[in-house]
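Novice: In this note's numbering, the protein residues as written are 52 to 191.
We treat Cβ as the ideally placed atom computed from N, Cα and C, and that holds for glycine.
Note that the coordinates shown come from a computational prediction; the quantities given were computed from them, not determined experimentally.
Structure below.
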């Protein structure tokens, strides 16, 4: 039932049925919580919470998306914490909760890779040093 719920959520995502995808990912998350650890083999609760958060956001369920993103961040393995903090920051910001988004955003930036990997791409481009174009026209 767990794998079927995840597959159903993925199929719903493919056809932009966000509310349905949310329902399936939430069901998978509930099943994984109640199941024995071996029953969730290959299924990470943090990943399920992250996918459910994205689906909730796309379905217009902002507060539910935030709650799921907070859960995903809390369940994150060290390598995923930055990405999940960035998700939480984005959802908080989009919901008009800027002061709460700032700490999540700061965590995301602090945890971003320091090398020039694709994971750091949004932060790795140096600012442009080009000078603004000046007009060669003279006033009449």
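How big is the Cα-Cα spacing for residue 80 and residue 96?
Specialist: One C-alpha to the other measures close to 6 Å.
Novice: Are there 16 or more other CB atoms within 10 angstroms of the CB of residue 6, so buried, or fewer, so exposed?
Specialist: Residue coverage of the chain in this structure runs from 52 to 191, which leaves residue 6 outside it and unanswerable.
Novice: Using a Cβ-Cβ cutoff of less than 7 Å, which residues in the same chain neighbour residue 174 once the five nearest sequence positions on both sides are dropped?
Specialist: Here residue 174 scores only 40 on pLDDT, less than 50, and its place in the model is too uncertain to base an answer on.
Novice: Given this structure, state the Cα-to-Cα distance separating residue 133 from residue 117, to the nearest angstrom.
Specialist: Roughly 16 Å between the two C-alpha positions.
Novice: Which of the three DSSP states, helix, strand or coil, is assigned to residue 163?
Specialist: Of the three classes helix, strand and coil, the one that applies to residue 163 here is coil, per DSSP.
Novice: Would you mind sorting residue 57 into buried or exposed? The rule is 16 or more other CB atoms within 10 Å of its CB.
Specialist: By the neighbour-count rule (16 or more Cβ atoms within 10 Å), residue 57 is buried.
Novice: Please determine, among 60, 85, 98, the residue with the shortest C-alpha to C-alpha distance to residue 128.
Specialist: Comparing Cα positions, the closest option is 98.
Novice: For the alpha helix (DSSP H) containing residue 193, list its first residue and its last residue.
Specialist: Absent from the model: residue 193. The displayed extent of the chain is 52 to 191, so no value can be given.
Novice: May I have the straight-line CA-CA distance separating residue 187 from residue 106, to the nearest angstrom?
Specialist: The pLDDT assigned to residue 187 is 46, lower than 50, so where the model puts this residue is not dependable; a value taken from the coordinates is nonetheless given after this. Roughly 52 Å between the two C-alpha positions.
Novice: Ignore the nearest five residues each way along the sequence and tell me which others in residue 46's own chain have a CB closer than 7 Å to its CB.
Specialist: The structure shown does not extend to residue 46, since the chain is modelled only from 52 through 191, so no value can be given for it.
Novice: Secondary structure at residue 126, three-state DSSP: helix, strand or coil?
Specialist: Residue 126: coil per DSSP, three-state reduction.
Novice: Please say whether residue 53 and residue 90 have beta carbons closer to each other than 8 Å?
Specialist: Contact flag set, yes.
Novice: Can you give me the Cβ contacts of residue 143 inside the same chain, cut-off strictly under 7 Å, excluding the 5 residues immediately before and after it?
Specialist: So the list reads 117, 151, 152, 155, once near-sequence residues are dropped.
Novice: Quick one: is residue 61 buried, meaning 16 or more other Cβ sit within 10 Å of its Cβ, or exposed?
Specialist: Answer is exposed; the Cβ neighbour count stays below 16.
Novice: Near residue 66, which residues of its chain fall below 8 Å by C-beta distance, leaving aside the five closest residues on each side in sequence?
Specialist: Same-chain partners within the cutoff: there are none.
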